[in-house]
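Residue numbering for the sequence shown follows our numbering, beginning at 256 and increasing consecutively.
For every residue, glycine included, the Cβ atom is placed at its ideal position computed from N, Cα and C.
Below is one structure; the comments refer to it alone.
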Amino acid sequence: MTRFGLPRSARLGRASEITALLREGRRQRMPHLDVYAAPSPAGRPRLGVIVGRHRQTAVARNRLKRRLREIGRLEVLPRLREAGCAADVLLRARPEAYAAGFRTLRGEVLAALERLWSRVC
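Here it is, written out as structure tokens:
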């Protein structure tokens, strides 16, 4: 059976790791997302997702989290691995992200990574 989840080794799991990335990482603001990136102390690319409540239902929050994790799994992590870049990337949803479609979110994440690329890798 094929597993489509994000492997544990590719996740930012601890609150301290996320807090450090928010404090020390480079940020790129997009209309629907804030993308943070910094060199990874773990020596491999990792991904984190933050989705606030923003007066939305649990169903809407979980849908947005699934979309962002999938973008990270299919687009962000493979690009970082191919480039040999050990970076931590955090996708933080803004309230406007709930109304955005998958293609819009994907385009914004990729555009933000292109802008952050030279400063992180």
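Can the beta-carbon of residue i be found less than 8 Å from the beta-carbon of residue j?
i, j, result
"L288", "A352", "yes"
"R281", "V364", "no"
"L346", "V304", "yes"
"R370", "I326", "no"
"S264", "R299", "yes"
Residues in its own chain within less than 8 Å of residue i by CB, not counting five upstream and five downstream?
i, result
"S295", "R301, A341, A342 and D343"
"E279", "A293"
"T274", "none"
Closest to residue i by C-alpha separation, out of the options, would be which residue?
i, options, result
"H309", "G339, A355, R263 and R349", "R349"
"G307", "A292, G298, A297 and L323", "L323"
"L277", "V290, F259, L332 and W372", "V290"
"P333", "L368, R358, Q311 and A355", "L368"
"A366", "G356, A354, E330 and I273", "E330"
"G389", "R316, R284, W372 and R321", "There is no way to answer for residue 389, as the model of the chain reaches only from 256 to 376."
"R266", "P286, A297, Q283 and M285", "A297"
"Q311", "E272, A354 and S271", "A354"
"F259", "R358, F357, R321 and P286", "R321"
Can you list, in chain order, the residues of its chain with a C-beta nearer than 6 Å to that of residue i? Leave out the 5 residues immediately preceding and following it.
i, result
"R269", "none"
"R316", "V306"
"M285", "E363 and A367"
Would you say residue i reaches chain C, if we count a Cβ-Cβ gap shorter than 8 Å as a contact?
i, result
"P286", "This model lacks chain C altogether; it includes just one protein chain."
So, at 7 Å on beta carbons, what are the nonlocal neighbours of residue i in its own chain, with the 5 sequence-adjacent residues on each side left out?
i, result
"R336", "P300"
"R328", "L261"
List in chain order: all unbroken beta strand (DSSP E) runs of 3+ residues lying wholly within the segment 273-308. 281-284, 288-294 and 301-305
What residue ranges within the segment 325-364 form continuous beta strand (DSSP E) runs of no fewer than 3 residues, ordered along the chain? Runs found: 342-348.
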